[in-house]
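Residue numbers (our numbering): 14 to 401.
Note that CB positions come from ideal geometry on N, CA and C, so glycine has one too.
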């Protein structure tokens, strides 16, 4: 991937004068470097940055990254277990869902989940991430039993499982209140929740993407309830489809407000829309995902808007590819994500960057951009920092 001149040598930058930068951008950059919180209008302006303005945006975000977490870039050794792809929700961005009688429909047995978890542990994984479709015939206690299928064979494995949409569905299946359902999962060994199913936290966009089957308010309530029960979650945004900068700013502000209230997010993960097989793209409604510049802006502005709130900004190498992921790690991000082993959701949508990356490849890519590789666990506790 070309650098597009957004990454000149550090000596070329002058934070005192911002040479060549438009005055409006220079004023915003100065406030950011003074660690003042920018407003919505300023954030929206940053999403229009091009050329030298974009180069400085990237550099300013990277400076905040350094102040927040230093030069360490982390990764986690994890196995994804997508336990079923059967789902009738009808999300228009999703190419993963199958019907029960489809030839490629999948519903893993609990014994197979146990086998995969055990295999992952023996391979060095510290986490399994379990997510799946909302299978209409799922037993009432299946979410609990999935956790037990892991913990019974590998008690030390961290179980990072079930999106807020799955939590809503599971509570309905079990006919339990949200707090009681989460408590049952905690007692079974749930460690944390993925903050997926966020897409864009805007009612109009969600209506078009998912028919608002999980509303913005429901997503917020589920993650806040989890946080107040001591369950950490990640946070995400899916961008580059029918959305735009005004939605991105609103979404980032919502994430920031939740974190200010609960402190329960471990990371923020920008997820670029993979369009190839998505129904909303195939019917001509959505565009073909974010541009390179939009990916760089998103990671940079995420760092800026969430600075002082969420320390860790993760790149999705499955969606970006290794080269663009490296560039985003120079634009404010500090985490390379996970080894994954069996990622199938992005692959179903048409992602072409693989399903598994070995730790030594993470370390090579991190060193290539002059940073320090470190293996972490799910909650960002460092396991091993590599020497230079």
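Out of 194, 254, 255, 260, the CA that lies nearest to the CA of residue 215 is found in 260. At a Cβ-Cβ threshold of 9 angstroms, residue 72 and residue 26 count as neighbours.
Between residue 255 and residue 298, the C-beta gap is smaller than 9 angstroms, which places the two residues in contact.
In its chain, beyond the 5 residues on either side, 57, 60 have a beta carbon closer than 6 angstroms to the beta carbon of residue 258. For the set 156, 153, 205, the Cα lying nearest the Cα of residue 171 is the one of 205. According to the DSSP assignment, residue 142 belongs to the beta strand (DSSP E) that extends over 140-144. Secondary structure note for residue 311: its alpha helix (DSSP H) is the uninterrupted segment 305-319.
When rounded, the separation of the alpha-carbon atoms in residue 203 and residue 243 is 11 angstroms. No Cβ-Cβ contact shorter than 9 angstroms links residue 271 with residue 328.
From the listed residues 295, 200, 339, the smallest Cα separation to residue 154 is found for 200.
Residue 195 places its beta carbon 9 angstroms or farther from that of residue 246. Residue 113 counts as exposed, since fewer than 16 other beta carbons sit within 10 angstroms of its beta carbon.
Taking one beta carbon from each stretch, the segment 183-195 and the segment 145-153 have 3 or more pairs nearer than 8 angstroms; the two touch. Residue 95 is classed as buried because its beta carbon has at least 16 other beta carbons within 10 Å across all chains shown. Around the beta carbon of residue 340, 16 or more other beta carbons sit within 10 angstroms, so the residue counts as buried.
Per DSSP, reduced to three states, the secondary structure at residue 371 is coil, with no helix or strand assignment.
Non-local C-beta neighbours of residue 76 in its own chain, meaning closer than 8 angstroms and more than five positions away in sequence, comprise 28, 46, ordered along the chain.
Minimum Cα-Cα distance from residue 337 among the listed residues 351, 378, 222 corresponds to 378. About 26 angstroms separates the Cβ atoms of residue 212 and residue 157, ruling out a contact at the 8 angstroms cut-off. The Cβ atoms of residue 93 and residue 109 do not sit closer than 9 angstroms to each other. The beta-carbon distance between residue 250 and residue 264, rounded to whole angstroms, is 5 angstroms. This is short enough to meet the 8 angstroms contact definition.
A straight-line Cα-Cα distance of about 16 angstroms links residue 64 and residue 343. Excluding the 5 residues flanking it on each side, residue 333 has same chain C-beta neighbours closer than 8 angstroms at 285, 308, 341, 366, in chain order. In the DSSP assignment, residue 229 falls within the alpha helix (DSSP H) that extends over 229-241.
Close CB contacts of residue 384 within its chain, under the 8 angstroms cut and outside five residues either way in sequence, are with 84, 85, 86, 342 (chain order). Counting of Cβ neighbours within 10 angstroms places residue 222 among the buried residues, the total reaching 16 or more. Take the alpha-carbon of residue 399 and the one of residue 116: they are about 45 angstroms apart. Residue 251 is bridged by DSSP to 284. In the three-state scheme derived from DSSP, where H, G and I count as helix and E and B as strand, residue 391 is classed as coil. Take the alpha-carbon of residue 269 and the one of residue 375: they are about 29 angstroms apart. Assignment of residue 116 by DSSP, reduced to helix, strand and coil, places it in the coil class.
Each residue's CA atom was taken as its position, placing residue 229 and residue 219 some 8 angstroms apart.
In the DSSP assignment, no residue is bridged to residue 79. DSSP places residue 339 in the helix class (H, G or I) of the three-state scheme.
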